[in-house]
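Chemist:
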Amino acid sequence: MSIEPQVLAIDLGTSGMKAALVAADGTVTGWAEREVPLHVLPGGGAEQDPYDWWNALADVVAALGRSHPDHLRAVTTVCSSTQGEGTIPVDADGEPLSRCITWLDMRGASHLKKQFGGFPAVDGISVRRIARWLRLTGGMPSTTGKDPAAHMLLVRDEMPEIYERTASFLNVLDWINLKLTGRTVATVDSILTSWVTDNRRPAQIRYSPALVADSGIDRDKLPPIVACTDVIGELSPSAAAHLGLPLRVQVVAGAIDNTAAAVGAGTVADNQPHLYLGTSSWIAAHVRRKKTDVFAQIASVPCAVPDRYLMTALQATAGANLTWLRDKVVEYDDPLVGAGHISRDEGSIFDAFDRILPTVPAGANGVLYTPWLYGERAPVDDPKLRAGFFNISLDTNRSDLLRAVFEGVAFNTRWLSGAVNKFLGAPVTSLVITGGGARSDAWCQIFADVLGVEIRRDARPVAVNARGAGWIGAVGAGLVTFPEIADLARNDEIFAPDAKAHEAYEDVFAIYKTLHKQLAPVYRRLNA
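Just so we're aligned, residue 1 is where the sequence shown starts under full-length UniProt numbering, counting upward by one.
Here it is in C-alpha cells:
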C-alpha cells in the first residue's frame, strides 16, 4: 500500500526536541523526543546550546526511521515549530558565536531601558517609542528583557567582540532553518519580538527603517523576512546526511510554537479560539486586523495564515503549576498515587490527578490558589506576582489543595477570557483545548465549569505543535489549503459546563479578582 507524502514536523521546545511524521490530512504517525539541557546562569541568564538541538534532531529522526521506516521514506517536506524569543548570534559561516539566549533570559533588561529610555516614560521606556511600536508592530519589547530586542543589546553591550563578528542575529526557528538549508532567513512571526518590523499589512511584513535605526542594532545583522509557508530551499548535503534524508526534500519556513499551535488545533477560521495548556498557556484566535489592548496586554500579530493576524493572550504559568505539584507536593512513593507503582511520566501523573480531583467538590472546600509562580503576562503584566494558597484550615487536606491548583489556573484563564471577549467583539461560547494539560479529563471539565463554555478537546493534544508544523509544511508544499484544515481537525470529547458548578465558581471568581487587587502591592514590596 502506497503511503501519502509525509512532512517531517520538528517541534523544538525548551524542554526538548520532538519530531513526528504528519500527512496532509493531519494524521500523525510516529513520535520521538529527546531532552535538551537548559543552562541557568547567575543574574537571570538562561541559555541552550544550538548543537544540542541539532544532535537531538538527528536522534529523533533516527528513532522515527526505526519505528516507521516506510513513512520516513515518504517524507517530501520538512517544517519546524520552535520555541520563540531566543537569540543566536552567528558568524558569516552560520556558526553560533555563543549559546542561544533563550526566552527565559532577563539579563538584557537594563540595556533595553538604557537604549529606549526618555521622558516621559512608562516603566523606564519612552512613551514616544511605545506609541510608535504600538502603531507599527502592535506590541513592544518586554521590559523583563526576555525577548530578542533586549538579547541583542546584551550582546552588543556586554559581548562586543561577539557583536562585531555577528553576521546575523537569528531566532531559534531561523537557526534550525539555516542548518537545514544553508539559507539565512526569519519568518514573519520569528522576527516579531525583535520589534523592528512594520506589521500594518499582513501580506507585506517588512523592516521599518525608523524602528531599526532606533533599535541600536546594525541593519545588516537582521535576516531577510519570509512567510511561514514559503519554501526556502532543499536540504543541504550536510543536513541530508545528518538526518538520513534525500537531498530533494524541501524545507518550508515554519513558525514559532504559538503560531503553529493555532494551525495544529484546526482553529484557522476568523475569531475561532483555542486554549493551549502547556507550561504556560494562552488563548489565541486568527483575526482580520491588527489591534492591541494595552491594558490587558493582548495583541494581534503576524502569523502563518495569509492576510490574517493571530490574537494571543498569554498566561505565564499553567502546567508549570502541575510540575510544581508533581515535584514539590506529590511524592511518587505516596499511597495516594499508587504506593510507588506510578512511573514518573506526565501521563501517569495526569491519571493520578484524575482519580483525586473528582473526590473534591467544586470550590475545593473553600481553598483558593493563585497560579502566579512566575509573575503574570495577561490580563495584567506584573512579574512581581507570586502563587499562594488561601483559606486553609485544620480541615483542609491535600486533595483540596490539588483541586485548588487546577481551579486557580482556570480562574486565571477566566480572568483572561473577559479581555479576549472584548478583543474579539463577542463572547466566546466554545473553545478547542489542546496542549499537554488537555490530557486531564478532570481539568477539561473544570475549565468548562469555570468558564461556562463548551470545551472541545483536541484528539491528540500533545502533538498540536508538530501537527501545526506538518500542516504549515503541507500548505507550503501545495498538499492542502488553510481553509481545508478546519474540517480535518479532530476532537475526541466535548465537555459541557455544569450549571450548578458554574454558579458556585462565579462567587469564587469574584473573590479571586479581589485577591489580586489587594495582594499586588504586597508582592511588589516582597519582590522588590
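Using N, Cα and C, we set each Cβ at its ideal position, and we do this for glycine too.
What residue does the beta strand (DSSP E) around Y374 start on, and which one ends it?
Modeler: From DSSP, Y374 is part of no beta strand (DSSP E); its letter is neither H nor E.
Chemist: Quick check on the DSSP output: the alpha helix (DSSP H) that includes E484 runs from which residue to which?
Modeler: It spans 482 to 488 - the alpha helix (DSSP H) in which E484 sits, taken as one unbroken run.
Chemist: Tell me the rounded alpha-carbon separation between E35 and K113.
Modeler: Going by the C-alpha atoms only, they are around 35 Å apart.
Chemist: For the beta strand (DSSP E) that contains F389, what are its first and last residues?
Modeler: Where F389 is concerned, the enclosing beta strand (DSSP E) stretches over 388 to 390.
Chemist: Mind checking who D382 pairs with in its DSSP beta bridge?
Modeler: Partner(s): E376.
Chemist: For L394, count neighbouring Cβ atoms within 10 angstroms of its own Cβ and tell me buried if that reaches 16, exposed if not.
Modeler: L394 is exposed by the Cβ-count criterion.
Chemist: Taking only three categories from DSSP, how would you classify S98?
Modeler: Reduced to three states, the DSSP call for S98 is coil.
Chemist: Under the three-state reduction of DSSP, which class applies to F116: helix, strand or coil?
Modeler: Looking at F116 - three-state DSSP - the assignment turns out to be helix.
Chemist: Is the distance from the Cβ of Y505 to the Cβ of R386 below 7 Å?
Modeler: Result no, Cβ atoms of Y505 and R386 do not sit closer than 7 Å.
Chemist: Using the Cβ count rule (16 or more neighbours within 10 Å means buried), how would you classify H111?
Modeler: Buried, because 16 or more other Cβ atoms sit within 10 Å of the Cβ of H111.
Chemist: Would you tell me roughly how many angstroms separate the C-alpha atoms of T259 and D214, rounded to the nearest one?
Modeler: Whole-angstrom Cα-Cα distance: 27 Å.
Chemist: From this set, A131, L243, S417, R398, which residue's C-alpha is nearest L211's C-alpha?
Modeler: For the residues A131, L243, S417, R398, the minimum Cα distance to L211 belongs to A131.
Chemist: Looking at C-alpha atoms only, which residue of A23, T102, E33 is the closest neighbour of M17?
Modeler: Comparing Cα-Cα distances from M17 to each of A23, T102, E33, the minimum goes to E33.
Chemist: Could you tell me the boundaries of the beta strand (DSSP E) in which L277 lies?
Modeler: Residues 274 to 277.
Chemist: Could you work out which residue in W471, I217, V360, T29 is closest to R398 when comparing CA atoms only?
Modeler: Checked all of W471, I217, V360, T29; the closest Cα to R398 is V360.
Chemist: Is the stretch 155 to 171 touching the stretch 221 to 238, taking contact as three or more C-beta pairs under 8 Å?
Modeler: Enough Cβ pairs lie closer than 8 Å, so yes.
Chemist: What do you get for V122, buried or exposed, if any count of 16 or more other CB atoms within 10 angstroms of its CB means buried?
Modeler: So V122 counts as exposed.
Chemist: Can you tell me which of the three DSSP states N465 falls into?
Modeler: Helix.
Chemist: Which residues share a DSSP beta bridge with A186?
Modeler: I225.
Chemist: Quick one: what's got a C-beta closer than 6 Å to G388's C-beta in the same chain, skipping five residues either side?
Modeler: The residues are T370.
Chemist: How about T292 and Y374: do their beta carbons lie closer than 7 Å?
Modeler: Contact flag unset, no.
Chemist: Residues in the same chain with beta-carbon distance under 8 Å from G138, minus the five sequence neighbours each way, listed in chain order, please.
Modeler: Correct list, in chain order: N199, K290, K291, T292, A299, S300, V301, Y309.
Chemist: Look up M17 in the DSSP assignment and give the residues it is bridged to.
Modeler: Bridge partners of M17: L12, R34.
Chemist: Would you report the Cα separation of A20 and Q518, rounded to the nearest angstrom?
Modeler: If you take the alpha carbons of A20 and Q518, they lie about 46 Å apart.
Chemist: Kindly list the residues whose CB is nearer than 7 Å to the CB of I392, restricted to its own chain and excluding five residues on each side of it in sequence; keep chain order.
Modeler: Correct list, in chain order: V367.
Chemist: Can you name, in chain order, every residue of its own chain whose Cβ lies under 6 Å from the Cβ of L154, other than the five neighbours on each side?
Modeler: If we look at L154 and ignore the five residues flanking it on each side, its Cβ neighbours are R107, G108, H111.
Chemist: With 16 other CB atoms within 10 Å as the buried threshold, where does H39 fall?
Modeler: Under this definition H39 is an exposed residue.
Chemist: According to DSSP, is P50 helix, strand or coil?
Modeler: Residue state, collapsed to three classes: helix.
Chemist: Short check: CB of C100 to CB of D189, under 7 Å?
Modeler: No, the Cβ-Cβ distance between C100 and D189 is not below 7 Å.
Chemist: Could you check how far apart the C-beta atoms of G452 and P497 are, in whole angstroms? I think they sit under 8 Å.
Modeler: Going by Cβ atoms, the distance from G452 to P497 rounds to 5 Å, so yes, they are a contact pair.
Chemist: Let me confirm a value: I494 is counted as buried when at least 16 other C-beta atoms fall within 10 Å, else exposed. Which label applies?
Modeler: Looking at its Cβ environment, which holds fewer than 16 other Cβ atoms inside 10 Å, I494 is exposed.
Chemist: I'd like the list of long-range same chain contacts for F390, defined as Cβ closer than 8 Å, with 5 residues on each side in sequence excluded.
Modeler: For F390, where only same-chain residues beyond five positions count, the Cβ hits under 8 Å are V367, L368, Y369, T370, L515.
Chemist: What separation, rounded to the nearest whole angstrom, lies between the Cα atoms of G347 and G84?
Modeler: For G347, the pLDDT reaches just 49, beneath the cut-off of 50, and the residue's location in the model is therefore unreliable, although a value from the coordinates is still provided. For G347 and G84, the distance between alpha carbons rounds to 26 Å.
Chemist: Near A486, which residues of its chain fall below 6 Å by C-beta distance, leaving aside the five closest residues on each side in sequence?
Modeler: These residues qualify, in order along the chain: G266, V268, A269.
Chemist: Note down the Cα distance separating R414 from A92, rounded to an integer number of angstroms.
Modeler: Rounded to whole angstroms, R414 to A92 spans 48 Å at the Cα level.
Chemist: Count the other CB atoms within 10 Å of the CB of D327; is the residue buried (16 or more) or exposed (fewer)?
Modeler: Result: exposed.
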